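Trainee:
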Amino acid sequence: MNLEEYFKRIGFHSPFSKPDLETLNQVHKHHVMSIPFENLSIHCGEKITMDHELIFNKIVRSNRGGWCCENNLLFAWVLKEMGYNPVTLGSRVYNNTINQFGPIDSHLINKVVIDGTAYIADVSFGVSSQIWHPLELVSGKDQPQSPGVFRLIQEGDLWTLEKTSRKPLVLNEAFTNSPLVDKSPTKKIYGFTLVPRGVDHFLETSHYLQTDPKSLFTNKSICSLQTATGFRALIGWTFSEVTYNNQDGFDVLDMKDISDDDVDKVLKEMFNVLLANKLVPINNKAGYTI
Numbered sequence: 197m198n199l200e201e202y203f204k205r206i207g208f209h210s211p212f213s214k215p216d217l218e219t220l221n222q223v224h225k226h227h228v229m230s231i232p233f234e235n236l237s238i239h240c241g242e243k244i245t246m247d248h249e250l251i252f253n254k255i256v257r258s259n260r261g262g263w264c265c266e267n268n269l270l271f272a273w274v275l276k277e278m279g280y281n282p283v284t285l286g287s288r289v290y291n292n293t294i295n296q297f298g299p300i301d302s303h304l305i306n307k308v309v310i311d312g313t314a315y316i317a318d319v320s321f322g323v324s325s326q327i328w329h330p331l332e333l334v335s336g337k338d339q340p341q342s343p344g345v346f347r348l349i350q351e352g353d354l355w356t357l358e359k360t361s362r363k364p365l366v367l368n369e370a371f372t373n374s375p376l377v378d379k380s381p382t383k384k385i386y387g388f389t390l391v392p393r394g395v396d397h398f399l400e401t402s403h404y405l406q407t408d409p410k411s412l413f414t415n416k417s418i419c420s421l422q423t424a425t426g427f428r429a430l431i432g433w434t435f436s437e438v439t440y441n442n443q444d445g446f447d448v449l450d451m452k453d454i455s456d457d458d459v460d461k462v463l464k465e466m467f468n469v470l471l472a473n474k475l476v477p478i479n480n481k482a483g484y485t486i
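Residue 197 is where the sequence shown starts when you use the working numbering, and the numbers rise one by one after that.
(1) For Leu-449 and Ser-436, which I take to be in contact (beta-carbon distance under 8 angstroms), what is that distance rounded to the nearest angstrom?
(2) Check whether the region 347 to 366 and the region 255 to 268 touch, using three or more Cβ-Cβ pairs below 8 angstroms as the test.
(3) Relative to the C-alpha of Leu-418, which residue among Phe-203, Met-197, Ile-238 is closest?
(4) So for Ser-335, helix, strand or coil by DSSP?
(5) Do Val-283 and Ser-302 have their C-beta atoms closer together than 7 angstroms?
(6) Identify the continuous alpha helix (DSSP H) that holds Thr-360 and give its terminal residues.
(7) Would you identify the three-state DSSP class for Tyr-290, choosing helix, strand or coil?
(8) Looking only at its own chain, which residues have a Cβ that is under 7 angstroms from the Cβ of Leu-399, when we skip the five neighbours before and after it?
(9) Excluding the 5 residues flanking Leu-269 on each side, which residues of the same chain have their C-beta closer than 8 angstroms to its C-beta?
(10) Quick one: what does DSSP say Ile-316 is sitting in, helix, strand or coil?
(11) Does the region 211 to 218 come into contact with the region 304 to 322, if we say contact requires no fewer than three beta-carbon pairs (one atom in each stretch) closer than 8 angstroms?
(12) Between the region 423 to 432 and the region 327 to 339, do at least 3 Cβ pairs fall closer than 8 angstroms?
(13) What are the residues that DSSP puts in a beta bridge with Ala-482?
(14) Does the beta-carbon of Asn-442 have 16 or more other beta-carbons within 10 angstroms, so that it is buried, or is it exposed?
(15) Checking 7 angstroms against the spacing of the C-beta atoms, do Val-256 and Glu-201 come in under that value?
(16) Within 10 angstroms of its Cβ, does Leu-470 collect 16 or more other Cβ (buried), or is it exposed?
(17) With burial defined as no fewer than 16 other Cβ atoms inside 10 Å of the residue's Cβ, what is the status of Lys-254: buried or exposed?
(18) Would you mind giving the Cβ-Cβ distance between Cys-264 and Phe-321, rounded to the nearest angstrom? I have them listed as a contact below 8 angstroms.
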């Protein structure tokens, strides 16, 4: 694993002399703008592992993306190599359909302390819930970013990440009532404690998420990438180009369905992803919004 290869992969060319907040912000944003959040391996007949070398080869050398147990694990290694002190945490994703947190730590994130102040770094949640910069670990503080206003709320040992969004403006009327469109002004994203977690904590969960027929990730093929103006997403056969519009108070969603023949082309041109194995797209009914 080579740090310079990673920097080239994310297009980070700035010199850095110390592990400060400015550098962390830059590397975090470069990562989410360059490396997709995706679970395509599941639908290409590939096993997803938590082996550092395999993750590095997949994401950095093979120009792929990954889900949180890949992206955030890789990011933790990067931060350590840069001189930071990341601590891996486990979080439970909030199900806004049934209004409760999931039963397991299905999402991996990192905590970083700089000059006595703690931050949450998360480069792999994807779509409109993706933070572009680390969030200060302080309760109740509004932290505006391009996707919306994020805040962390502490209740006892539990920290909850929530986000207030702008209204969606869907250009294609056929998708106005799509279950992929999130119309909630404020929603919870995930909850976590500050208990450090090792790789072993996520192994069983990783296996479940990529094999169980009830898992979100076996029911939907997902690829999303942040852009300078918003994000792109391919969910099954539905391609979305989302533009954040802070000035007018809404986000523009340009959504369309593509054919099987166009899937590889869209992945290459819109996400810079070239798959080695054949993707079988899927978009079964499941609670998931962009």
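In this text, a Cβ means the ideal position worked out from N, Cα and C, and glycines have one as well. As the structure is a computational prediction, the values presented were derived from the model and not from experiment.
Mentor: With the given structure in hand:
(1) 6 angstroms
(2) no
(3) Checking the sequence, you will find Ile at residue 418 rather than Leu. For the residues Phe-203, Met-197, Ile-238, the minimum Cα distance to Ile-418 belongs to Ile-238.
(4) strand
(5) no
(6) First-last for Thr-360: 354 to 360, but that is the beta strand (DSSP E), not the alpha helix (DSSP H).
(7) strand
(8) Met-246
(9) Met-246, His-248, Ile-251, Thr-284, Leu-304, Val-395
(10) strand
(11) yes
(12) no
(13) Beta-bridge pairing links Ala-482 to no other residue.
(14) exposed
(15) yes
(16) exposed
(17) buried
(18) 7 angstroms
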